[in-house]
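**Q** Here the numbering used here is used: position 85 in the sequence shown is 294, and no number is missing along the way.
Cβ atoms here follow ideal geometry from the backbone N, Cα and C, with glycine treated the same way.
Since we're looking at a predicted model, the values are computed, not measured.
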Amino acid sequence: MPDLVKPETSDTDLLRIEDLRVSFPLLGGKIDAVKGASLRVLPGKVTALVGESGSGKSVISQVIMGLQPEIADVQGKVLFCDPREPDVVHNMAELPHDGRKIRSIRGNRIGMIFQEPMTSFSPLHTIGNQISELLTEHTIMSPAEQRSRCEEMLGMVGFEEPGKVFDMYSFELSGGMRQRAMIAMSLICEPALLIADEPTTALDVTIQAQILELLRDLQSRLHMAILLITHDLGVVANMADEVSVIYRGQIMEAGPVDAIFRSPEHPYLKGLMGAIPHFGMDRSTRLTPLRDIDTNVDHLLEGLSVPERYAAKGPEILLSVNNVSKTFITRKQDWKVRDGSAEVRVVDGVSFDIRRGECLGLVGESGCGKTTLSKILMNAVIPDTGNITFNNGAGPIDVLSAKGPELQALRTQIQLVFQDPISSLSPRMTVGNILREPFEVHERGSKQERNAAAAALLKAVGLGTNALQRYPHSFSGGQRQRIGIARSLALAPSLIICDEPVSALDVSVQAQILNLLKDLQQGMGLTYLFVSHNLAVIDYMADRVAVMWAGKIVELAPRDVIMNDPVHPYTRSLMNAVPFPDLDRPLDFSTAATSSAASSMSWNAAFRGDKPGDLSTVDLGNDHFVLARNAADARELRL
């Protein structure tokens with residue numbers, strides 16, 4: 210067992226954790242979630258707690274807040290020194306969960322941003338009602354004063370119409386807006402310490418930059434400290450003053466951010482850094498996860514009962530998309546207008562080709578239409594205009610008009626890996642049933658052949674056959690994602706659409722999944738449409754990249770061109786918003802945190818269309834296309 214890292218002690222520590230041990234009883238034993246962890250948070254500073262999923266980060270945050278389960282056995286000290294009570298030190302680990310003292314601290318002097326704001330907000334109460342609850346608990350404000358204070362805080366976190374947001378429900382807000390509302394709720398009582406548990410996980414880079422810039426600004430204005438829990442080393446490099454690295458409940462390395470990044474000492478920290486895809490990596494370079502998975506795709510097809518794949522004799526273009534548009538009719542927010550409706554164009558004249566054997570990356574911020582476009586390609590959503598042609602070598606198929614047996618056959622050739630492996634796997638089915646279901650639906654093979662195919666699929670994604678009888682909830686996030694990938698492979702498709710497959714995974718598990726997808730592509734001749742907001746992942750995986758904004762493809766080019774010589778201002782803004790795990794490449798928050806809607810007003814006239822038809826896709830040569838008024842203007846504005 211390695212020597213435990215002890216933090217430097219100081220009389221000015223806002224929070225000091227000393228030899229914290231947390232265990233949970235199990236039948237016949239116990240599980241040690243935290244094993245003698247020690248760390249500190251200084252007033253007005255940001256301390257980052259970095260580690261993989263399951264390393265004990267969230268358990269530590271629960272103990273600080275007094276939110277750990279009653280069955281948890283907690284030993285050690287969690288000392289909180291409130292600046293309002295400088296002569297009193299509270300041991301949060303010893304205070305009763307429902308006692309008056311801890312309730313006066315929780316939500317008041319220590320705030321918390323939870324990892325998933327959608328499940329943290331009640332869907333039955335308005336945003337304002339839930340934020341006001343904290344003021345009711347900790348202040349003597351009148352209802353009018355509470356509303357005024359809530360609207361002031363909602364405005365502070367970036368809402369242009371705080372009064373309107375006050376009366377809205379959480380499901381009416383986007384992911385980034387919900388996270389802003391969560392920040393407003395955590396800061397409404399102006400706490401001395403803010404615990405931010407993965408505050409930007411699964412947010413696209415522009416929204417992430419806005420949230421990080423917001424936290425930096427509020428930290429300065431409210432003079433508070435932040436305990437930032439994350440697995441994103443790029444965020445750590447741009448936000449933290451001190452870093453503590455945790456592995457299996459133990460602090461492996463701790464110190465100032467400069468020392469951690471420039472001269473890491475512990476093998477675990479070096480391993481974390483080696484698992485991160487970064488710009489400029491050689492395409493043949495393999496990521497180095499902390500625990501590699503043993504894939505076996507050599508004999509996968511022999512274990513599956515599938516028809517001929519047509520891979521060798523198929524045409525170059527596997528899927529052709531031409532002028533696809535989709536408009537949704539939404540109800541207006543104004544309840545005074547009866548039967549009011551509004552049109553929202555979510556996909557607007559999209560055209561591109563996916564070539565056989567390539568990985569086409571599709572990037573863009575939340576709400577730009579990526580997922581809707583993916584569903585259209587699967588014939589799960591019918592577009593208003595356009596056509597899609599699929600040809601795997603057996604002849605062209607009109608995807609949108611396919612019906613009956615033709616549609617049934619098409620569904621075996623195009624499969625989808627979902628973003629959330631938890632909700633996309635039935636909790637009532639064993640893994641074996643999940644993997645056998647595609648064969649049953651399409652009437653492939655006998656019972657024995659289906660069982661053999663399910664076992665072959667599990668081996669292909671690095672899971673043993675003992676997983677067949679288990680349920681999805683008994684697996685980690687990365688293992689569930691591998692099961693989702695295995696299910697997508699069951700019918701040996703030609704095209705797999707990967708919709709944010711690694712967005713919510715920590716860096717080591719992400720490296721496992723990316724390596725697996727590359728192995729499968731090489732071993733099975735797969736073609737990918739890889740949807741992501743993580744440009745470093747796209748740089749590692751994609752051969753060509755399509756950039757989507759406001760329902761349109763604004764730039765399409767080979768990966769090297771997009772990453773090194775982008776033309777469209779939106780592509781450049783995306784690149785500027787990526788936080789690098791490099792202290793010498795700090796994020797420029799003044800530009801990165803600007804929303805695309807605001808920045809689009811300052812784009813050069815060559816890329817702004819005043820009316821429909823002003824812009825068209827122009828060819829810049831070398832397979833590079835950009836949405837602009839004309840090619841001459843676009844070429845002149847090339848960086």
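Which residue's Cα is closest to the Cα of A815: R838, G595 and E354?
**A** Per the Cα distances, R838.
**Q** In or out: S331 buried (at least 16 other Cβ within 10 Å) or exposed?
**A** By the 10 Å Cβ count, S331 comes out exposed.
**Q** Classify D593 as buried or exposed, calling it buried when 16 or more other Cβ atoms lie within 10 Å of its own Cβ.
**A** By the 10 Å Cβ count, D593 comes out exposed.
**Q** Decide if T218 is buried, meaning its Cβ has at least 16 other Cβ atoms within 10 Å, or exposed.
**A** Because T218 sits at a pLDDT of 47, beneath the cut-off of 50, its placement in the model cannot be relied upon, and the point is left open.
**Q** Do R659 and R637 have their C-beta atoms within less than 8 Å of each other?
**A** Contact: no.
**Q** From which residue to which residue does the beta strand (DSSP E) around A815 run?
**A** Here A815 belongs to no beta strand (DSSP E), and DSSP marks it neither H nor E.
**Q** Using 8 Å as the threshold, is the C-beta distance between G320 and S395 below it?
**A** The answer is yes: Cβ separation under 8 Å.
**Q** Give me the Cα-Cα distance between F739 and V287, rounded to the nearest whole angstrom.
**A** C-alpha separation (whole angstroms): 44 Å.
**Q** Using the Cβ count rule (16 or more neighbours within 10 Å means buried), how would you classify D441?
**A** So D441 counts as buried.
**Q** Closest to P706 by CA distance: which of T580, S685 and E615 is it?
**A** Note on residue identity: the sequence assigns Ile, not Pro, to residue 706. Comparing Cα-Cα distances from I706 to each of T580, S685 and E615, the minimum goes to T580.
**Q** Between which two residues does the alpha helix (DSSP H) holding R620 run?
**A** Here the alpha helix (DSSP H) through R620 covers G613 to Q622.
**Q** Does the Cβ-Cβ distance between R564 and L616 come in under 8 Å?
**A** Cβ distance not < 8 Å, so R564 and L616 don't count as in contact.
**Q** If you scan the segment 744-804 from start to end, which runs of the alpha helix (DSSP H) of 4 or more residues do you find wholly inside it?
**A** Qualifying alpha helix (DSSP H) stretches, in chain order: 744-750, 768-773, 778-785 and 798-801.
**Q** E658 by DSSP, collapsed to three states: which one?
**A** Helix at E658.
**Q** At 4 residues or longer, and completely inside the segment 372-448: list those alpha helix (DSSP H) runs for me, N to C.
**A** Those alpha helix (DSSP H) runs which fall completely within the segment 372-448 and span 4+ residues are 384-396, 414-431 and 442-448.
**Q** With a CB to CB cut of under 8 Å and the five nearest residues on each side skipped, what residues in its chain are close to G364?
**A** Cβ neighbours of G364 beyond the five flanking positions: P371.
**Q** Taking 8 Å as the threshold (C-beta atoms), are A786 and T409 in contact?
**A** Contact flag unset, no.
**Q** Using C-beta distances below 6 Å, list every residue in its chain close to V255, excluding the 5 sequence neighbours before and after it, in chain order.
**A** Same-chain partners within the cutoff: I435, L437, M448, A449 and D450.
**Q** In terms of DSSP beta bridges, what is S534 paired with?
**A** Bridge partners of S534: T594.
**Q** What are the boundary residues of the alpha helix (DSSP H) that includes D715?
**A** It is not in any alpha helix (DSSP H) - D715 carries neither H nor E in the DSSP assignment.
**Q** Under a three-way DSSP split, which group does R315 fall into?
**A** R315: strand per DSSP, three-state reduction.
**Q** For a quick check, are the C-beta atoms of N588 and A618 less than 8 Å apart?
**A** Result no, Cβ atoms of N588 and A618 do not sit closer than 8 Å.
**Q** From what residue to what residue does the beta strand (DSSP E) around L837 run?
**A** The sequence shown places Ala at residue 837, rather than the Leu named in the question. That run of the beta strand (DSSP E) goes H833 to A837.
**Q** Shortest alpha-carbon distance to G285 belongs to which of V250, P305, F834 and G245?
**A** Closest option to G285, Cα to Cα, is G245.
**Q** In terms of residue numbering, what span does the alpha helix (DSSP H) encompassing I485 cover?
**A** It is not in any alpha helix (DSSP H) - I485 carries neither H nor E in the DSSP assignment.
**Q** Suppose you measure from the CA of P498 to the CA of V718; what does that come to, to the nearest Å?
**A** Taking the straight line joining both Cα atoms gives about 7 Å.
**Q** Using the three-state DSSP reduction, which class does A463 fall into: helix, strand or coil?
**A** Note: A463 maps to strand in three-state DSSP.
**Q** Below 6 Å CB to CB, which residues in the same chain sit around I694 once its five sequence neighbours on both sides are set aside?
**A** V626 and V670.
**Q** Just the C-alpha distance for D748 and E764, rounded to the nearest angstrom, thanks.
**A** Going from the Cα of D748 to the Cα of E764 covers about 15 Å.
**Q** Measuring CB atoms only, is the segment 753-772 touching the segment 568-575, in the sense that at least three cross pairs come out at less than 8 Å?
**A** Verdict: yes, contact present.
**Q** Taking Cβ to Cβ, would you say V530 is nearer than 8 Å to V556?
**A** No. Outside cutoff.
**Q** In the DSSP assignment, what residue or residues form a beta bridge with R158?
**A** An answer regarding residue 158 cannot be provided, because it is not within the stretch 210 to 848 covered by the chain.
**Q** Is the number of C-beta pairs between the segment 372-383 and the segment 335-344 that are closer than 8 Å three or more?
**A** Cβ pair count under 8 Å is three or more, so yes.
**Q** Pairs of beta-carbons, one from the segment 264-283 and one from the segment 347-360, closer than 8 Å: are there three or more?
**A** No, they do not touch.
**Q** Mind checking who P292 pairs with in its DSSP beta bridge?
**A** BP columns for P292 are empty, so no partner.
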